[in-house]
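Scroll down for the structure; my scribbles are underneath it.
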Amino acid sequence: MAEGLNLVSIHSPEEQKYVKFLISNFDNNERSTWIGYTDAQQEGLWLWSDGTQDNFQNWNRGEPNNFNQPENCAVTNWGFFRRWNDIDCSEKFPFVCASRKA
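In my numbering, the protein residues as written are 1 to 102.
What follows is the structure, given as structure tokens:
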């Protein structure tokens, strides 16, 4: 990734709406897209990869479930789930990067 960029973190319904807008500009079906949410360091402790506060979640019902262990990363999927899903970090999906103003 470019210097100073991370996978996007989402901290409010408004930010989520904006990320959804960005994704829909590149994928009309709004399929799975990586966000920077992970529990790779400690199972069940979900953190944003940019180090920002975990103050908003929008998991699909029953998620995160670690169904196909390990599922330590998160994707958005408004075309199917309408919310977030945990998934194996080795899967290949488009992604959204962002930088935060200081």
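Glycine included, C-beta positions come from ideal geometry on N, C-alpha and C.
Does DSSP classify residue i as helix, strand or coil?
i, result
"F67", "coil"
"F26", "helix"
"V8", "coil"
"V19", "helix"
Can you tell me whether residue i is buried or exposed? The criterion is at least 16 other CB atoms within 10 Å of its CB, across all chains shown.
i, result
"L45", "exposed"
"Q69", "exposed"
"P64", "buried"
"D86", "buried"
Taking 6 Å as the limit between beta carbons, can you name the residues of its chain near residue i, skipping five residues before and five after?
i, result
"E30", "I23, S24, W78, G79"
"S99", "G4, L5"
Between which residues of its own chain and residue i is the CB-CB distance below 7 Å, once the five residues before and five after are set aside?
i, result
"S12", "F56"
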